[in-house]
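Chains as they are written, first to last, in my numbering: chain A, 1 to 305; chain B, 1001 to 1313.
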Amino acid sequence: MSPDSTHALPPGVNAAPPLPDILPPVRERRGISGFVWRHPTMAIGIALLGLMALVALLAPWLGTVDPTALAPAKRTREPGAEFWFGSDGFGRDIYSRVLYGARVSLLVGFAVAVLASLIGLAIGMVSGYVRFVDGLIMRIMDGMMSIPPILLAIALMALTRASVENVIMAITLAEIPRVSRLVRGVVLTLREQPYVDAAIAAGTSTPRIILRHILPNTIAPLTVQATYICGSAMIIESILSFIGAGTPPIIPSWGNIMADGRTLWQVKPYIIFFPAIFLSVTVLAVNLLGDGLRDALDPRMAKRL
Amino acid sequence: MLGYLVRRILATIPVMAFVALFVFSLLYIAPGDPAAVIAGDQASPEDVEKIRKSLGLDRPFLVRFTEWSGQVLTGNLGTSMFTGLPVTELIRQRVEPTLSLMIVTLILAIVIAVPIGVVAAWKVGSWLDRAFMAFAVMGFSVPVFVVGYLLAYVFALELDWLPVQGYTAMSKGFWPWLENLILPAIALGFVYIALIARITRATMLEVLSQDYIRTARAKGLGERGVLFLHALKNAAVPIVTVIGIGVALLIGGAVVTESVFAIPGLGRLTIDAIVRRDYPLIQGIVLMFSFVYVLVNLIVDLIYTALDPRIRY
């Protein structure tokens, strides 16, 4: 308050005294601690996922032995000094197998998430923008969505040779319809927005509208969806391997380790226990990351769920 | 209403046609040579040729597809390559355990999940709500067979409360039948419960903020009446939708659950079919399950009109 303003008041009128600062200044947390404070679930998810990625990358240097090495004399040893997580029915070291198994799960989860998002994005864009193919594409997607995803992946795997690439392809195909439906829905709402009308009125070309106005707005929901797909792909991979229709048995994946432990589980439950913990924690990390992303990117959705 | 019913049933025909087309064309779009894959590594070229012939892969796609669709429409799903029996007969033999498992799971899931969701929405932000929602995230993250083994280990092997594995037909008595299904149903229902509880909480939260809820409370209605008479009834449509969509999870999960608990149902049939690469059988099972799934969602659509008279077609 400047002295001039009080001076300008008519005689007999007193200006109110300035208010004291009763609210302390808000201390904004910055950097990593600020991120953890604002998005605790996302932070936990990223930390766990990062840890798992490190384990996968550094598997050879974490005290592991060859995960496929057979030792018939040392079958089904309980967890102990020699075999930290015990050994399976062929004498293979479960600790090493579980650590190397992280590679398969993370690869499958990540690859399916990226592929399904990209292909689903393309299909959803075309469907939402090109009216005359929309009906046809959506009927095909309805048809595909009427097949439970695990069954669809099983049917595909029955027709191809077991390999990690084919597992990725089968799960991707099962996940595409959901992504395309999501993208199409977003595109359909976006193209009714006034700013898109404005862009059209200003003479913007269709490809430019798609690139500048539609595409950027699909990224947030698509990213959230992609993390959930990543988690579900890891689960489907383990299920496929577990029932013998997934990753080839010689590759140590979590599903395969559990499939090997299936016949012995009543006497040697640890064979299934350790890969199960790793799988569950990894999928949990991905889902926490997804929930955090959803809350951060789409506050309206966050309130509803 | 009748007109709607007819239209809605007719609308499922193109969907089923696309399912059939898709399941059938998998034979053609799968990378590599399906006949060689099905025949296995030790097969002679003659065997591969024989399988190619029996699958009809030596003839043009459209010719084979029309022929096959004609068969499917008359209720003939083909012949199993391994057993030589009709696929429909194999499915019929295995229907009971799977159907029992699914119905028990469905009832169990709804009875557990809906109250959880209602209470979580009622006490939103409380520790109970947080605990339930943390449980829901867990439900989405732990695969069905992990839950299955854990339950079997604790409640069957350690505590010896329930049988570890197996199935008893319902004709042998109700309790022996149910006893064998409790653990598999909880395992199978785990993710389903999480899904239903989450959507129940979300819709209940929305409904509870409506004016008529305040009116109901203002006129002195008890909390139970508010929650279950006024709120839940109005939140029913999304909940029923998710229950319908979630049946896909049950179908996929049943394959694994039956394997964990040694239940001789359709899931085991599927696994046997995979191991033996019995493609006509797999095709038949996938078609049958998809048909059930479409049918369930048709019924769900029809339930809408009963739940919410405002929905008129």
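C-beta: ideal position from N, C-alpha, C; glycine also.
Computed from a predicted model, the values in this text were never measured in an experiment.
Between F1018(B) and chain A, is the shortest Cβ-Cβ distance under 8 Å, so that the two count as touching? yes
Select from the stretch 1251-1285 of chain B all residues with a C-beta closer than 9 Å to any C-beta belonging to chain A, and list them in chain order. I1251, G1252, G1253, V1255, V1256, S1259, V1260, G1267, T1270, I1271, A1273, I1274, V1275, R1277, D1278, Y1279, I1282, Q1283 and I1285
Roughly how many angstroms separate the alpha carbons of V306(A) and T1257(B), rounded to a whole number? Since the first and last residues shown for chain A are 1 and 305, residue 306(A) lies out of range.
I'd like to know if A1187(B) contacts chain A, where contact means its C-beta is closer than 8 Å to some C-beta of that chain. no
Given a cut-off of 8 Å on the beta-carbon distance, is the pair L156(A) and L1027(B) in contact? no
May I ask you to list the residues that DSSP assigns as paired with D1129(B)? Answer is none; D1129(B) lacks a bridge partner.
Got a sec? Which residues, its chain only, sit under 7 Å from I1116(B) by beta carbon, not counting five neighbours each side? These residues qualify, in order along the chain: F1132 and A1197.
Listing by chain order, which chain B residues have their CB less than 9 Å from the CB of G244(A)? Within 9 Å Cβ-Cβ: I1271, I1274 and V1275.
Thinking just about the alpha-carbon of each residue, which of A1231(B), P1184(B), Y1212(B) and Y1192(B) is nearest to the one in L1205(B)? Selected option, being the one with the closest Cα: A1231(B).
Are I250(A) and S1290(B) close, meaning C-beta to C-beta below 8 Å? no
Return the chain-ordered list of same chain residues with a C-beta closer than 6 Å to the C-beta of L190(A), the five sequence neighbours on each side being excluded. I214 and N217
In the DSSP output, what is P1086(B) paired with across the bridge? T1079(B)
Hey, does V1124(B) have any beta-carbon neighbour from chain A nearer than 8 Å? It does not: the Cβ of V1124(B) has no partner Cβ on chain A nearer than 8 Å.
Taking C-beta to C-beta, are I154(A) and A116(A) nearer than 8 Å? no
Alpha carbons only, please: which of T223(A), V224(A), A198(A) and I46(A) is nearest the one belonging to R212(A)? A198(A)
Local Cβ density within 10 Å of N14(A), reported as buried at 16 or more and exposed below that: Exposed, since its Cβ has fewer than 16 Cβ neighbours within 10 Å.
Buried or exposed (CB count within 10 angstroms, at least 16 for buried), L106(A): By the neighbour-count rule (16 or more Cβ atoms within 10 Å), L106(A) is buried.
Express the C-alpha separation of D1047(B) and G1040(B) in angstroms, rounding to a whole number. If you take the alpha carbons of G1040(B) and D1047(B), they lie about 10 Å apart.
Starting from A1248(B), find everything on chain A with Cβ-Cβ shorter than 9 Å and list it in chain order. By Cβ distance, chain A contributes M145, S146, I147, P148, P149, I150 and L151.
My understanding is that I257(A) touches R97(A), with C-beta atoms under 8 Å, so please give their C-beta distance in whole angstroms. 5 Å
The alpha helix (DSSP H) enclosing M52(A), as first and last residue numbers: P40 to L57
Using only CA atoms, which one of A1020(B), L1010(B) and Y1149(B) lies nearest to I272(A)? Y1149(B)
Can you tell me the Cβ-Cβ gap for V1037(B) and R161(A), rounded? I've got them flagged as a contact below 8 Å. Between R161(A) and V1037(B) the Cβ distance is about 6 Å, and since that is below 8 Å, they are a contact.
Sequence-distant residues of its chain with Cβ nearer than 6 Å to G124(A) (five each side left out): S180, V183 and R184
Measure from the alpha carbon of I236(A) to the alpha carbon of each residue in V104(A), L121(A) and P221(A), then state which is nearest. V104(A)
In chain order, what are the residue ranges of uninterrupted beta strand (DSSP E) at least 3 long that sit wholly in the stretch 1238-1295 of chain B? none
Using a Cβ distance threshold of 8 Å, determine whether the stretch 1151-1167 of chain B contacts the stretch 1266-1279 of chain B, with at least three qualifying pairs required. no
Whole-Å CB distance - G1253(B) paired with L1188(B), under 8 Å assumed: G1253(B) to L1188(B), Cβ: 5 Å. Contact.
Are S1080(B) and L1090(B) close, meaning C-beta to C-beta below 8 Å? Yes, Cβ-Cβ distance for S1080(B) and L1090(B) is below 8 Å.
Please list, in chain order, the residues of the stretch 1070-1094 of chain B that have any C-beta partner in chain A closer than 7 Å. none
Can you tell me which of the three DSSP states D306(A) falls into? There is no way to answer for residue 306(A), as the model of chain A reaches only from 1 to 305.
Applying a beta-carbon distance threshold of less than 9 Å, which residues of chain C neighbour L284(A)? Absent from the structure: chain C. Protein chains present are A and B.
Between R139(A), V164(A) and G290(A), which has its C-alpha nearest P248(A)'s C-alpha? Nearest of R139(A), V164(A) and G290(A) to P248(A), Cα basis: V164(A).
F110(A), enclosing alpha helix (DSSP H) - first and last residue: F110(A) -> alpha helix (DSSP H) spans I94 to Y129.
Please tell me whether T160(A) has its Cβ less than 8 Å away from any Cβ of chain B. At least one beta carbon of chain B lies nearer than 8 Å to the beta carbon of T160(A).
Can you pull the chain B residues whose beta carbon is under 8 Å from the beta carbon of R139(A), in chain order? P1014, V1015 and F1018
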